[in-house]
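Following numbering that gives the first Met the number 0, the numbering of the sequence shown begins with 0 at its first residue and continues without gaps.
Down below is the structure, laid out as structure tokens.
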Amino acid sequence: MAEFTTEILELYKNKEWKRLKQALSEYDTIQIADLIEEITDEEDLILFRLLSRQQAKLVFQELSHEKQQGIIEGFAQNVHYISNLLNDIEPDDRTAFFEELPGTLTQQLLQHLSPEERAISVRLLGYPEDSIGRLMTPEYVAIKPHYTVAEAFSHIRKYGRDSETLNVIYIVDSDWKLLDDIRIKELILASPDQKIEDLMDGRFVSLNVLDDQEQALQVFQDYDRVALPVTNHEGVLLGIVTFDDMMDVLEEESTEDFHKFGSIQSAIISPLKESIVNLYKNRILWLITLVFMNVFSGAALAGYGNIIESTVSLVFFLPLLIASGGNAGSQSATLMIRSIAMGDVELKDWSKLMGKEILVSLLLGVTMAVGVALIASIRAPEVILVVSLSMVLTVVIGSLIGMLLPFIFTKLKLDPATASAPLITSLADICGIIIYFSIAQWYLNLV
0 MAEFTTEILE LYKNKEWKRL KQALSEYDTI QIADLIEEIT DEEDLILFRL
50 LSRQQAKLVF QELSHEKQQG IIEGFAQNVH YISNLLNDIE PDDRTAFFEE
100 LPGTLTQQLL QHLSPEERAI SVRLLGYPED SIGRLMTPEY VAIKPHYTVA
150 EAFSHIRKYG RDSETLNVIY IVDSDWKLLD DIRIKELILA SPDQKIEDLM
200 DGRFVSLNVL DDQEQALQVF QDYDRVALPV TNHEGVLLGI VTFDDMMDVL
250 EEESTEDFHK FGSIQSAIIS PLKESIVNLY KNRILWLITL VFMNVFSGAA
300 LAGYGNIIES TVSLVFFLPL LIASGGNAGS QSATLMIRSI AMGDVELKDW
350 SKLMGKEILV SLLLGVTMAV GVALIASIRA PEVILVVSLS MVLTVVIGSL
400 IGMLLPFIFT KLKLDPATAS APLITSLADI CGIIIYFSIA QWYLNLV
């Protein structure tokens, strides 16, 4: 990559446009896209303009949304170039680009499309934002059951050039209802005179156009498909969704959940490119909420002032104990959120998991209590029993909070990832303080 970048930038610096165009034609589109992401807006417009029409289409689809918008705006005066570029892009990629733009700009760009491509884009943009309809492409090949294998291949050669994938061919009736799908391998191995209907088994998997993208991702994982057909409620084939589109969804969902678990409201793709105002807005709400939650920690602590005054050594172990509860809770929440998101566990499984979590957290708490008891034996022998019992109970309670919160959020129809680490830590802190000083009060009154 470094050698490629050096060569291209050297040719650019010397304004050797013909050699630069030739050099770009010899490299992979991914390499070119990575280079364009790194260079300035002025440089990327010149490089992009030197790409062939096919290269421009492929490179554009690999760029970040910010770069895509910059290129469109940079060529705003060249209506013919913009029109060719937008018409060439695959419908699903074009829809993904349009839906991130302001509405007025999207409407302007729609006018650059041919009537056919405009109709496709308007239809795709009409589906709910997170539905599978936004991801599907109408670029596929469908055949009729009465075709022979030879006729099917003739049809594929005629219409398959622009298809998103030819790994799977779809079989439809005269009303365009999906009847079956068939792998290209099966067609290749079949006799040329054999009828397509003889190869059908009626076992196919399809998505509804209104299905949520996360649900569709689970179907891809369950059935290990490279593409899936998309139908309406009547079973009419509308388009297909390919695995590369679902990989984009997986990245988006993972990023979103990761940010939510860190108490950030919405996904931030690149902090370098994000404005200070947006970074502030995405982080401040949860931080303010957690400030008010932590007031309860202070109130709980203030209620045990007499015990703290009488046994100052208790304060030494306080950060250690409440941090252990928060850490255990975060671990449990991470496991549960991931399992719920992947469909490995369901709401009805909460009671079984709770029993298992109690046993696991009890073992963890006892192990950690041994460690803290060793420290207490040196630092403050008079509170060994207090810190040991507190460690066990704090870890158990923290773990249960972390395990149950994702289930509670799911039951309330909220994203389980919203049960963020800071929220769990704050709740575990409050519980840890109450547990620690309640045990201390009980024990010290006894002695």
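Where a beta carbon is used, it is the ideal one built from N, C-alpha and C, also for glycine.
Quick one: grab the DSSP three-state call for residue i.
i      : result
TYR169 : strand
THR164 : coil
THR310 : coil
LEU109 : helix
LEU100 : coil
SER190 : coil
ALA379 : coil
ARG182 : strand
ASP211 : strand
SER130 : strand
GLY261 : For GLY261, the predicted model reports a pLDDT of 48, less than 50, meaning its position is unreliable; a value from the coordinates is still stated below. If DSSP states are grouped into helix, strand and coil, GLY261 belongs with coil.
If we ignore side chains and look at the alpha-carbon of each, how far apart do residue i and residue j end up?
i      : j      : result
SER205 : ASP87  : 27 Å
ARG182 : LEU165 : 8 Å
LEU34  : ASP247 : 21 Å
TYR126 : GLU98  : 11 Å
ALA215 : ILE339 : 15 Å
VAL314 : GLY354 : 32 Å
PHE260 : LEU404 : Here the model assigns PHE260 a pLDDT of 48, short of 50, so the residue's position is not dependable, and the following value carries that caveat. Spanning the two alpha carbons is a distance of roughly 12 Å.
LYS410 : TRP349 : 11 Å
VAL395 : VAL276 : 40 Å
VAL344 : GLU41  : 51 Å
ILE101 : TYR146 : The residue asked about is misnamed: residue 101 is Pro in this sequence, not Ile. Rounded to the nearest angstrom, the two C-alpha atoms are 46 Å apart.
ALA118 : VAL78  : 19 Å
THR5   : ILE131 : 41 Å
VAL167 : GLU196 : 16 Å
VAL386 : ALA439 : 8 Å
ALA22  : ILE7   : 7 Å
LEU346 : ILE70  : 47 Å
PHE406 : GLU115 : 46 Å
ASN305 : PHE316 : 17 Å
SER329 : SER120 : 43 Å
GLU36  : LYS66  : 7 Å
LYS351 : MET402 : 11 Å
HIS258 : ARG337 : Residue placement at HIS258 is flagged as unreliable, the pLDDT there being 49, under the threshold of 50; a coordinate-derived value is accordingly withheld.
PHE96  : THR333 : 32 Å
ILE466 : ALA327 : Because residue 466 is not part of the residues shown, which for the chain are 0 to 446, the question remains open.
Starting from residue i and walking both ways along the alpha helix (DSSP H), at which residues does that stretch end?
i      : result
THR230 : Looking at the DSSP string, THR230 is not in any alpha helix (DSSP H); the run it does join, the beta strand (DSSP E), is 226 to 230.
ASP33  : 28 to 37
ILE81  : 78 to 87
ASP223 : First-last for ASP223: undefined, no H or E at that position.
ILE195 : 195 to 198
GLU41  : 40 to 48
ARG202 : That residue, ARG202, is in no alpha helix (DSSP H); it is neither H nor E in DSSP.
HIS64  : 64 to 73
ILE119 : 114 to 124
PRO150 : The sequence given here has Glu at residue 150, not Pro. Where GLU150 is concerned, the enclosing alpha helix (DSSP H) stretches over 148 to 158.
LEU346 : From DSSP, LEU346 is part of no alpha helix (DSSP H); its letter is neither H nor E.
SER24  : 16 to 24
GLU61  : 52 to 61
For residue i, which residues of its own chain have a beta-carbon under 7 Å away from its beta-carbon, when the five flanking residues on both sides are left out?
i      : result
MET390 : LEU320, SER323, GLY364, MET367, ALA368 and VAL371
VAL218 : VAL204, LEU206 and LEU227
GLY325 : GLY397, ILE423, THR424, ALA427 and ASP428
ALA159 : The sequence as given places Gly at residue 159; Ala does not occur at that position. VAL140 and LEU165, listed in sequence order.
THR136 : GLU89, PRO90, ASP91, GLU163, GLY238 and ILE239
Which stretch, first to last residue, makes up the beta strand (DSSP E) that contains residue i?
i      : result
VAL240 : 236 to 241
ASP174 : That residue, ASP174, is in no beta strand (DSSP E); it is neither H nor E in DSSP.
Cutting at 6 Å between CB atoms, please list the residues of its own chain near residue i, excluding the five before and the five after it.
i      : result
LEU44  : GLY73
ALA141 : TYR169 and VAL171
Between which residues of its own chain and residue i is the CB-CB distance below 8 Å, once the five residues before and five after are set aside?
i      : result
GLN193 : THR147 and VAL148
SER376 : ILE383
ILE38  : LEU8 and LEU46
VAL359 : SER398
**Asked** Should the stretch 236 to 247 be regarded as contacting the stretch 185 to 194, the criterion being three or more beta carbon pairs within less than 8 Å?
**Response** no
**Message:** Quick test of the definition: if touching needs 3 or more C-beta pairs under 8 Å, does the stretch 166 to 180 touch the stretch 219 to 235?
**Reply:** yes
**Request:** Count the CB pairs spanning the stretch 50 to 66 and the stretch 16 to 33 that are closer than 8 Å, and state whether there are at least three.
**Result:** yes
**Message:** Does the structure place the stretch 135 to 150 close enough to the stretch 102 to 114 that three or more beta carbon pairs sit under 8 Å?
**Reply:** no
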